[in-house]
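Down below is the structure, laid out as structure tokens.
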Amino acid sequence: MPFDTVKLLDGYDLPAIAFGTGSTMKFTNVKDYVEQALNSGFSHIDTAAFYRTEKYVGIALKESGLPRSSIYVTTKYAGGDVEESMRNSLHDLALTFVDLYLVHAPQFLGDFESGWREFESLKEDGLVKSIGVSNFSLEQLQRIVKTARDRPVVDQIELHPYNYAEKKDLLEYCAKQGIVVEAYSSLNSITKNPGGPVDAVVNAAAKRISATPNQVIFAWVRSKGAVIVTYVIPANINLSKERLWNVGILFQHEPK
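Going by full-length UniProt numbering, the first residue of the sequence shown is number 1, and it counts up by one from there.
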């Protein structure tokens, strides 16, 4: 993939684009899609216990023949005993550790302070390299940070031009804290909500910089400092810094 990596709070590198196995892929056999993603150059695969795709991801990783060190794997916790859930995910993925383990949603964690301590223990035990959260609001993330020994390195959220205004404070807080934002469903603004005000801006940007609408949205995500999580395999999403800057200019007035 053309995008490089971003440095996490704990010193590990996170690939700046991930192939996700949620959304329309939940509860399905994603093996062939993951193989296609790996063959297309993706090194970061995002899955979750809730998606029920971990075992298919594991098969695809094994059959790829790629060294473990060249693949970054994220999965997510969906409730129950934390260590048992992690070990079940490792079993399904056929791995001895995952690179990033996220709390899939705040309601799964129960008591934030004690629940996060269990996440920190997973890291201490070597079952995960990095720990983070997903779908946490600003207030919820602040509660975790307040008592954490190891702060979440990531908050994975839905992010697109239509909800940017409501997420702006969260993005600014994460930037100040050194927490990386991962953005999923970013293409919804042009795929699930066609005909809205974003379309004209995206199409103008695409024409101006000789890119596709998908490329423009992905460039917008990166211009906000976020990592891309997508189940769409783009032919080429490489945009120069100058072209990223042009996207930023065209998006300077975000749709509310």
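Note that CB positions come from ideal geometry on N, CA and C, so glycine has one too.
In the structure shown, F218 adopts helical secondary structure according to DSSP, grouped into three states. Cβ-Cβ distances below 6 Å link E118 to V82 in the same chain, with the five nearest sequence neighbours on each side left out; the list follows chain order. Contact between I228 and I45 does not hold, since their C-beta atoms are separated by about 13 Å, which reaches or exceeds 8 Å.
Closest in alpha carbon position to F19, among L8, E172 and T74, is T74.
L66 is classed as exposed because its beta carbon has fewer than 16 other beta carbons within 10 Å across all chains shown. Of the candidates G132, S64 and V181, the residue whose Cα lies closest to the Cα of K167 is V181. If you check the CB distance, V128 and V98 come in under 8 Å. In this structure, the straight-line span from the alpha carbon of D32 to that of T47 is close to 14 Å. Membership of L100 in the beta strand (DSSP E) is indicated by the continuous run V98 to V103.
Under the three-state reduction of DSSP output, I209 falls in the helix class. In the three-state reduction of the DSSP assignment, Y184 falls in the strand class. Scanning its chain for C-beta atoms nearer than 6 Å, with the 5 sequence neighbours on each side dropped, one finds around F136 the residues P106 and D155, in chain order. For L14, the enclosing beta strand (DSSP E) covers residues D13 to P15. In this structure, Y12 and V30 do not form a Cβ contact; the two beta carbons are roughly 25 Å apart against a cut-off of 8 Å. If you look at S89, you'll find it isn't in any beta strand (DSSP E); it sits in the alpha helix (DSSP H) that goes V82 to L93.
Taking 8 Å as the cut-off, the beta carbon of V202 is found closer than this to the beta carbon of I190.
Contact annotation, Y77 with Y101: C-beta distance approximately 7 Å; criterion of less than 8 Å satisfied. Of the residues assessed, P161 falls on the buried side of the cut-off, its CB having 16 or more other CB atoms within 10 angstroms. Here the alpha carbon of S23 sits roughly 22 Å from the alpha carbon of I131.
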